[in-house]
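Single-structure report; data block below.
In the UniProt record's numbering, the protein residues as written are 1 to 427.
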């Protein structure tokens, strides 16, 4: 979709949100399950239109808002008229991109000239399938396989499965396919018809009952194809609760959540092919609206964590589930990516440093009083030494403790002090 259409939808969405009262807006946030809990606050109502579009995309956000207005409910003209007007624009754009395509009818088989007919009588678009509350046995879709995962097995049993990214003229879906025989038959780049799909909370699924038949090629609009390429770059998104349950058996996953804690970078010795080497290791914790989990980033991927702070909303793609007894963590892989969806705001505040938790060559962890509450914060050791005229070296930690408590005016991002100024040497 064009940038112009997205801007128009954003303005329409802003007007719709302004019409909702406090309780209706709260209900809307509850219905928008893709948005992290940390971003669902009344204080950010002014930015909510942008947040909805970022998490749902243009077409899916329109569908989500239409469904939400039915559930709240808000069926009055103030809400429905701008929604219907924009739905018409989307429909017109879709028709312009896809055009009308001839479809085989009984007349063709009888040797009569082909005529154009509406395909809705025998198949659904992927966009309509996503919007539907449930999938029925007669629902039929067609699509091109844009991407195919490696063949995988459950850890607990030898049952094979793999993932497909299937795209038609309207949208893309991730499909989980059971069975080893279909892995060779379903080829990337080819076009297929799917009937008797099933759907659970996480995926559309192809089972032994699903009918899959190869089709002739058809055109896909450039915008939809580009979106499909973006989706193919990561493994399926799941909730943290689903990661911890581990009932899906998926080794590589993608998650989204809000950072609650960032730990210092460690340099440790690891054994690789019987040879020992040093590597970097970074821990941080994230939460979504279902649970929280520790994330461990290794090696070169640590560089991607440089600007992370408590309060940031991040998307982690292609991370693997690591289980050790009752402990479950997410670990980076060679293709892991870390994307900041929402950056926490910088605050300028006065604080009181009352204790030292840990003092390292690069970073120092402090206990500070902020707004009459105790917080653990991290600051670069060099920055702290310069602010309070302390000498770096072996005795820095003891000199810092002796100088406590200290007052400062600081720039704070999450739990990290980005800049600090000494406003009183000692209290």
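Ideal Cβ positions, reconstructed from N, Cα and C, are used throughout, including at glycine.
Can you give the Cα-Cα distance for residue i and residue j, rounded to whole angstroms?
i           : j           : result
residue 110 : residue 29  : Residue placement at residue 110 cannot be trusted, given a pLDDT of 30 that sits under 50; what the coordinates show is reported in the next sentence. The straight-line gap from Cα to Cα measures roughly 55 Å.
residue 266 : residue 281 : 5 Å
residue 352 : residue 376 : 12 Å
residue 288 : residue 92  : 37 Å
residue 186 : residue 302 : 37 Å
residue 158 : residue 293 : 28 Å
residue 87  : residue 378 : 49 Å
residue 313 : residue 41  : 14 Å
residue 274 : residue 339 : 34 Å
residue 403 : residue 310 : 28 Å
residue 446 : residue 125 : Nothing about residue 446 can be read from this structure; the chain reaches only from 1 to 427.
residue 257 : residue 32  : 15 Å
residue 248 : residue 330 : The pLDDT assigned to residue 248 is 43, lower than 50, so where the model puts this residue is not dependable; a value taken from the coordinates is nonetheless given after this. For residue 248 and residue 330, the distance between alpha carbons rounds to 15 Å.
residue 421 : residue 270 : 40 Å
residue 367 : residue 173 : 47 Å
residue 364 : residue 262 : 13 Å
residue 335 : residue 238 : 18 Å
residue 227 : residue 189 : 16 Å
residue 101 : residue 337 : Confidence in residue 101 is poor, its pLDDT being 41 and thus under 50, which makes the residue's placement too unreliable to answer from.
residue 136 : residue 39  : 34 Å
residue 25  : residue 417 : 34 Å
residue 132 : residue 160 : 28 Å
residue 61  : residue 9   : 9 Å
residue 397 : residue 373 : 24 Å
residue 151 : residue 85  : 45 Å
residue 434 : residue 15  : The requested residue 434 is not part of the displayed model; the chain covers only 1 to 427.
residue 277 : residue 332 : 18 Å
residue 83  : residue 71  : 15 Å
residue 241 : residue 405 : 42 Å
residue 134 : residue 327 : 35 Å
residue 400 : residue 279 : 30 Å
Tell me, to the nearest whole angstrom, how far the beta carbon of residue i is from that of residue j; I am working on the premise that it is less than 8 Å.
i           : j           : result
residue 200 : residue 244 : About 18 Å; that fails the 8 Å criterion.
residue 382 : residue 392 : 7 Å
residue 380 : residue 362 : 7 Å
residue 341 : residue 54  : 7 Å
residue 286 : residue 260 : 7 Å
residue 51  : residue 13  : Wrong, their Cβ atoms sit about 10 Å apart, outside the cutoff.
residue 194 : residue 141 : 5 Å
residue 407 : residue 386 : Incorrect: roughly 16 Å between the Cβ atoms, too far for contact.
residue 433 : residue 203 : Shown here, the chain extends from 1 to 427; a query on residue 433 therefore has no answer.
residue 192 : residue 171 : Actually they do not touch by this definition, with Cβ atoms about 16 Å apart.
residue 59  : residue 127 : 6 Å
residue 56  : residue 89  : Contact doesn't hold; Cβ gap of about 17 Å is too wide.
residue 254 : residue 315 : 7 Å
residue 197 : residue 272 : Contact doesn't hold; Cβ gap of about 43 Å is too wide.
Per the DSSP calculation, residue i is bridged to which residue(s)?
i           : result
residue 315 : 256 and 339
residue 321 : 330
residue 55  : Residue 55 pairs with nothing; no bridge assigned.
residue 421 : 409
residue 244 : Bridge partners of residue 244: none, in fact.
residue 346 : 413
residue 129 : Per DSSP, none; premise fails for residue 129.
residue 356 : 366
* Would you say the segment 8-28 touches the segment 74-83, given that touching needs at least three Cβ pairs under 8 Å? -> yes
* Does the segment 405-414 come within contact of the segment 344-356, defined as at least 3 CB pairs closer than 8 Å? -> Taking 8 Å as the limit for Cβ pairs, the verdict is that the segment 344-356 does touch the segment 405-414.
* Three CB pairs or more closer than 8 Å across the segment 354-361 and the segment 305-322 -> The segment 354-361 vs the segment 305-322: no contact.
* To do: Taking only runs that begin and end inside the segment 141-223, name each unbroken beta strand (DSSP E) of 3 or more residues, in chain order.
  => 160-167, 172-178, 191-195, 204-206 and 211-215
* Asked: Should the segment 37-48 be called in touch with the segment 293-305, which here means at least 3 C-beta pairs below 8 Å?
  -> no
* To do: Identify every run of the beta strand (DSSP E) within the segment 248-308, keeping only runs that are complete inside it and at least 3 residues long; order them along the chain.
  => 252-262, 266-272, 275-287 and 292-298
* Contact between the segment 159-179 and the segment 133-149 (3+ Cβ pairs under 8 Å) -> yes
* To do: Pick out the complete beta strand (DSSP E) segments inside the segment 361-412, 3 residues or longer, and give them in chain order.
  => 363-370 and 373-380
* To do: Examine the Cβ distances between the segment 171-190 and the segment 201-210 and report whether three or more of them are shorter than 8 Å.
  => yes
* To do: Ignoring anything shorter than 4 residues or poking outside the UniProt domain "Pyrin" (1-96), list the alpha helix (DSSP H) runs there in chain order.
  => 3-18, 22-31, 48-56 and 58-71
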